[in-house]
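Heads up: the sequence lines are chains A and B, in that order.
Numbered per this note's numbering, the first sequence spans residues 287 to 541.
Numbered per this note's numbering, the second sequence spans residues 30 to 359.
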Amino acid sequence: MDIAVLIKFVPDLVEELEIGASGAALDRTFLRLIPNEQDDHALEQALLLKERHGGTVTVLTLDTGDVDETLFTAVAKGADRVIKITGDFGEGINNHAAVTVLDTALKNISFDLILTGTQAVDDLDGSIGPLLAARLGLPYVGYVTGVTSADGKIVARKEYPGGLIAEMEVRLPAVLGIQAAEKPPRYVVTSLIMQAMKTAQIEETEAGAVEVRGAAGVARMSRPEATTHAELIEGDADQVADALVTLFKERGLLS
Amino acid sequence: MSQDVWVVVETLRGEVLDITYTLLAAGRVLADGLGSKLTALLLGHNAEGWANTLGAADSVIYVDHAALADFTPDAYRKTIAGVIKEPTPRIVLFGHTSMGMDVACGVSLDLDAPLVTSCQTVRVKDGQPWYVSLTCGGKIVAEGEMPGPTCAVTMIPGGYKPEAGRAAMSGAPPVTKTQPPTALDDLRVGFKGYIEPPAGDVDIAKAPLLVSVGRGMQQQDHLKLAEELAAVLGGSVSASRPIVDQGWLPSSRLVGKSGKTVKPRLYLALGISGAPEHAEGMRDAELIVAVNTDEKAPIYDIAHFGAAVDVLALLPALTEKIKAAKGRGA
Numbered sequence: 287m288d289i290a291v292l293i294k295f296v297p298d299l300v301e302e303l304e305i306g307a308s309g310a311a312l313d314r315t316f317l318r319l320i321p322n323e324q325d326d327h328a329l330e331q332a333l334l335l336k337e338r339h340g341g342t343v344t345v346l347t348l349d350t351g352d353v354d355e356t357l358f359t360a361v362a363k364g365a366d367r368v369i370k371i372t373g374d375f376g377e378g379i380n381n382h383a384a385v386t387v388l389d390t391a392l393k394n395i396s397f398d399l400i401l402t403g404t405q406a407v408d409d410l411d412g413s414i415g416p417l418l419a420a421r422l423g424l425p426y427v428g429y430v431t432g433v434t435s436a437d438g439k440i441v442a443r444k445e446y447p448g449g450l451i452a453e454m455e456v457r458l459p460a461v462l463g464i465q466a467a468e469k470p471p472r473y474v475v476t477s478l479i480m481q482a483m484k485t486a487q488i489e490e491t492e493a494g495a496v497e498v499r500g501a502a503g504v505a506r507m508s509r510p511e512a513t514t515h516a517e518l519i520e521g522d523a524d525q526v527a528d529a530l531v532t533l534f535k536e537r538g539l540l541s
Numbered sequence: 030m031s032q033d034v035w036v037v038v039e040t041l042r043g044e045v046l047d048i049t050y051t052l053l054a055a056g057r058v059l060a061d062g063l064g065s066k067l068t069a070l071l072l073g074h075n076a077e078g079w080a081n082t083l084g085a086a087d088s089v090i091y092v093d094h095a096a097l098a099d100f101t102p103d104a105y106r107k108t109i110a111g112v113i114k115e116p117t118p119r120i121v122l123f124g125h126t127s128m129g130m131d132v133a134c135g136v137s138l139d140l141d142a143p144l145v146t147s148c149q150t151v152r153v154k155d156g157q158p159w160y161v162s163l164t165c166g167g168k169i170v171a172e173g174e175m176p177g178p179t180c181a182v183t184m185i186p187g188g189y190k191p192e193a194g195r196a197a198m199s200g201a202p203p204v205t206k207t208q209p210p211t212a213l214d215d216l217r218v219g220f221k222g223y224i225e226p227p228a229g230d231v232d233i234a235k236a237p238l239l240v241s242v243g244r245g246m247q248q249q250d251h252l253k254l255a256e257e258l259a260a261v262l263g264g265s266v267s268a269s270r271p272i273v274d275q276g277w278l279p280s281s282r283l284v285g286k287s288g289k290t291v292k293p294r295l296y297l298a299l300g301i302s303g304a305p306e307h308a309e310g311m312r313d314a315e316l317i318v319a320v321n322t323d324e325k326a327p328i329y330d331i332a333h334f335g336a337a338v339d340v341l342a343l344l345p346a347l348t349e350k351i352k353a354a355k356g357r358g359a
């Protein structure tokens with residue numbers, strides 16, 4: 287089975303997020319972008335399927351910044367091809383525009399299955415997986431936490447609230463949105479990534495025209511205005527521990 | 030084109046899911062603001078009776094077919110897009126959920142309707158429908174107009190209590206029963222069956238006190254500090270998504286969107302940022318205490334008390350002090 291994996295770069299939420307001068311988008315000057323975590327799970331699921339059934343894994347990403355290390359890491363983990371789609375993505379592009387770019391890039395790639403994260407942390411206009419599936423005319427199942435394959439079909443384990451799973455039989459080719467791979471994403475040692483940097487080739491392809499339609503515009507961005515805020519307990523760990531013991535006692539939680 | 034608002038109902042194994050009532054509450058705000066009607070779109074098989082609980086809508090369109098008995102993205106998308114087509118409503122609301130997100134993108138493209146996702150509240154502003162969406166793990170609010178002529182919207186819980194959408198306006202709404210407008214054969218996604226969640230070692234929904242761990246715990250080894258605290262408190266350890274995805278705890282311990290909804294007497298959130306997916310599973314706990322070094326973490330907007338100290342430094346101290354306090358017969 288030949289699998290294409292799509293990786294989106296998203297703001298690192300650990301860092302402070304600043305809103306730009308327009309007041310309607312993030313300030314990208316110092317914005318640190320990292321690969322979307324669920325996309326890393328999509329890559330892991332693809333590698334697990336390759337180990338079980340053979341085939342190839344091709345990773346595609348839009349060149350929105352420092353993407354090379356992520357692509358070389360994918361090679362070190364076992365990806366066969368890594369492709370960087372270049373274009374003018376300076377201020378970031380929304381998901382509707384991104385899928386038009388991915389659609390073009392995928393025309394030159396043979397695949398039975400496309401895997402990507404169920405969603406990305408900065409999605410506002412739908413998610414890459416279902417939008418791309420609709421554009422390509424392929425079936426889509428999201429919130430997937432495991433995939434098995436037999437007889438040209440796959441069975442996706444789809445997650446519902448409370449940990450309930452629905453098994454869905456999906457005809458190929460198809461797109462799946464991965465919530466979590468069957469196993470935590472594998473770790474590769476730096477030496478293997480260094481080796482990939484020396485030996486592997488990142489293929490580059492031009493994005494071509496970017497169609498922008500279908501997303502609702504953003505008029506204003508802000509930080510959430512909370513109606514309530516936690517009462518903060520000051521002090522070091524020891525003082526906080528004392529305060530919490532007092533609080534728990536008052537609430538009758540220690541009896 | 031009309032000014033009407035439609036809600037796509039979500040059901041699972043004979044039950045209407047809570048997100049539906051949240052959508053109906055939001056839909057009511059929009060329909061009342063636009064002076065239009067609210068329609069609930071229910072798909073299923075022999076499921077007409079469920080329409081009785083959708084009284085917040087002015088009417089229900091019920092599509093019955095054997096292939097709609099259990100959700101599949103293919104059959105549901107085809108049916109929803111087909112039914113909505115004529116006449117096209119102003120707004121279609123979906124849950125930002127496992128079912129809703131599987132179909133909302135496809136339906137929006139089928140209808141050539143702009144799409145906005147993960148909205149928490151909606152309103153009508155100067156005669157135009159307006160969305161307020163939560164993005165970047167709940168750290169950023171994005172808002173704007175819902176463009177016409179038809180706009181597809183997905184909503185997360187938290188903005189409207191399901192009770193608000195459960196209230197019947199005037200008893201059961203009128204139901205129009207219909208067939209799928211397009212043939213539901215040659216489907217590419219088939220439903221095979223359900224797999225029950227593994228019987229957990231602990232039912233966290235029943236635990237009176239929860240010590241809940243998130244990414245801030247950094248390493249699997251550190252989880253034993255939380256286990257020790259839970260043991261002296263007489264509670265259990267639960268977790269947010271990254272901990273379960275790393276395989277550090279079983280999925281039976283997951284709190285939030287795809288896990289359990291919990292309402293313990295104490296919810297101690299350790300190194301949890303409080304993304305909307307997590308918040309929806311724990312915001313109704315009696316007492317929420319958050320410990321997170323990021324003072325801007327959204328968890329502090331839900332918690333009653335918080336401390337921006339290192340979880341790993343706090344845990345041993347807190348465990349010892351509680352042990353001592355209990356030892357004194359506190």
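C-beta: ideal position from N, C-alpha, C; glycine also.
To which residues does DSSP link residue i through a beta bridge?
i        : result
Leu316/B : Leu295/B
Leu41/B  : Glu44/B
Phe220/B : Met454/A
Gly507/A : According to the sequence displayed, residue 507/A carries Met and not Gly. DSSP lists Ala171/B as partners of Met507/A.
Ala268/B : Val242/B and Leu283/B
Lys370/A : Thr347/A and Glu490/A
Ile464/A : Gly403/A and Val430/A
Thr68/B  : Trp35/B and Ser88/B
Ile379/A : The partner list for Ile379/A (beta bridge, DSSP) is empty, contrary to what the question assumes.
Arg443/A : Glu453/A
Leu292/A : Leu346/A
Pro321/A : Phe295/A
Gly335/B : Leu518/A and Ala319/B
Ile305/A : Leu312/A
Asp93/B  : Gly73/B
Lys289/B : Val284/B
Report the neighbours of residue i on chain A: residues whose CB is nearer than 9 Å to its CB, in chain order.
i        : result
His333/B : Thr514, Ala516 and Glu517
Val218/B : Pro425, Tyr426, Val427, Ala442, Met454, Glu455, Val456, Arg457 and Ala460
Leu105/B : As written in the sequence, residue 105/B is Tyr, which differs from the Leu given in the question. Those within 9 Å of Tyr105/B in chain A number zero; the least Cβ separation is about 11 Å.
Glu174/B : Ala502, Gly503 and Ala505
Ile224/B : Arg443, Leu450, Ile451, Ala452 and Glu453
Leu283/B : Gly449
Please classify residue i: does DSSP put it in a helix, a strand, or coil?
i        : result
Pro297/A : strand
Pro227/B : coil
Trp35/B  : strand
Ser477/A : helix
Leu530/A : helix
Arg537/A : coil
Ala502/A : coil
Gly124/B : strand
Asp408/A : coil
Arg472/A : coil
Leu344/B : helix
Applying the 10 Å Cβ sphere with the 16-neighbour rule, what's the burial state of residue i?
i        : result
Asp411/A : buried
Ala359/B : At Ala359/B, the pLDDT of 44 sits below 50, so the modelled position is not reliable; the number obtained from the coordinates is stated separately. Answer is exposed; the Cβ neighbour count stays below 16.
Lys235/B : exposed
Ala196/B : exposed
Gln208/B : exposed
Tyr473/A : exposed
Pro203/B : exposed
His382/A : buried
Ala523/A : buried
Lys292/B : exposed
Which chain A residues sit within Cβ distance under 8 Å of residue i?
i        : result
Leu122/B : In chain order: nothing, as chain A lies at least about 14 Å away.
Ser280/B : Gly449
Ser127/B : Gly428, Tyr429, Lys444, Glu445, Tyr446 and Pro447
Name the chain B residues whose beta carbon is nearer than 9 Å to that of residue i?
i        : result
Gly500/A : Ser137, Leu138, Asp141, Ala142, Pro143 and Leu144
Ser508/A : Ile169, Val170, Ala171 and Glu172
Leu417/A : Cys134, Gly135, Ser137, Leu138 and Leu144
Report the neighbours of residue i on chain B: residues whose CB is nearer than 7 Å to its CB, in chain order.
i        : result
Ala420/A : Cys134, Gly135 and Leu138
Asp522/A : Val338
Val407/A : Cys165 and Gly166
How would you list, in chain order, the residues of chain B whose beta-carbon sits under 8 Å from the beta-carbon of residue i?
i        : result
Ser413/A : Met130, Cys134 and Thr146
Asp528/A : Lys350
Val531/A : Leu347, Lys350, Ile351 and Ala354
Output the residue ranges of the alpha helix (DSSP H) runs that lie fully inside the stretch 411-439 of chain A and measure 4 residues or longer, sorted by chain position.
-> Qualifying alpha helix (DSSP H) stretches, in chain order: 414-422.
Hey, which unbroken runs of the alpha helix (DSSP H) at 4 residues or more fall wholly within the stretch 138-206 of chain B?
-> 191-195
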